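> Numbering (our numbering), first residue to last: 1 to 94.
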Ligand SMILES: [Zn+2]
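Below, the structure written as structure tokens:
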């Protein structure tokens with residue numbers, strides 16, 4: 001009886017740890033990838049022109065970003081953009 005109870009408690013503790021880890025990990029990702037219209041962002045891959053500053057000029061189902069170096073603009077589905085974006089350099093509001 002005693003052994004079974006200990007086993008049960010271990011399982012519950014394990015489950016709580018898993019829940020906690022999942023929640024904190026997901027939260028951090030979201031905070032890093034917050035962006036809005038007119039923000040300047042850095043992508044994982046720089047533009048062939050050598051610049052790696054992109055301004056968000058349109059937001060919707062698709063996101064249009066414009067290279068700050070040569071003015072070339074690219075349209076990406078939101079999901080692709082989130083995968084390729086590294087970080088926000090300049091917030092539009094600031
Ligand atoms: Zn460029």
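Just so you know, even glycine gets a beta-carbon here, dropped at the ideal spot from N, CA and C. Here the structure is a predicted model, which is why all the values come from computation and not from measurement.
Give me the Cα-Cα distance between residue 77 and residue 45, rounded to the nearest whole angstrom.
Here residue 77 refers to the residue found at position 77 when the chain shown is read from its first residue. Here residue 45 refers to the residue found at position 45 when the chain shown is read from its first residue. Looking at the two C-alpha atoms, the distance is approximately 16 Å.
> In chain order, what residues of the same chain lie with their CB nearer than 7 Å to the CB of residue 58, ignoring the 5 residues before and after it?
Within the chain shown, residue 58 is the residue found at index 58, counting from 1. These residues qualify, in order along the chain: 64.
> Would you kindly work out how many angstroms separate the C-alpha atoms of residue 56 and residue 68, rounded to a whole number?
For the purposes of this step, residue 56 is identified with residue 56 of the chain shown, where counting begins at 1. For the purposes of this step, residue 68 is identified with residue 68 of the chain shown, where counting begins at 1. Going from the Cα of residue 56 to the Cα of residue 68 covers about 10 Å.
> Kindly indicate which three-state DSSP category residue 37 falls into: helix, strand or coil?
Numbered from its first residue, the chain shown carries residue 37 at position 37. If DSSP states are grouped into helix, strand and coil, residue 37 belongs with coil.
> If you draw a straight line from the C-alpha of residue 10 to the C-alpha of residue 35, how long is it?
Counted from its first residue, the chain shown places residue 10 at position 10. Counted from its first residue, the chain shown places residue 35 at position 35. Computed Cα separation, rounded: 41 Å.
> In chain order, what are the residues with a CB under 6 Å from some non-hydrogen atom of ligand 1?
47, 49, 51, 67, 69, 70, 72
> Could you say which of 47, 50, 54 lies nearest to residue 41 if we only look at CA atoms?
In the chain shown, the residue the question calls residue 41 occupies position 41. Per the Cα distances, 54.
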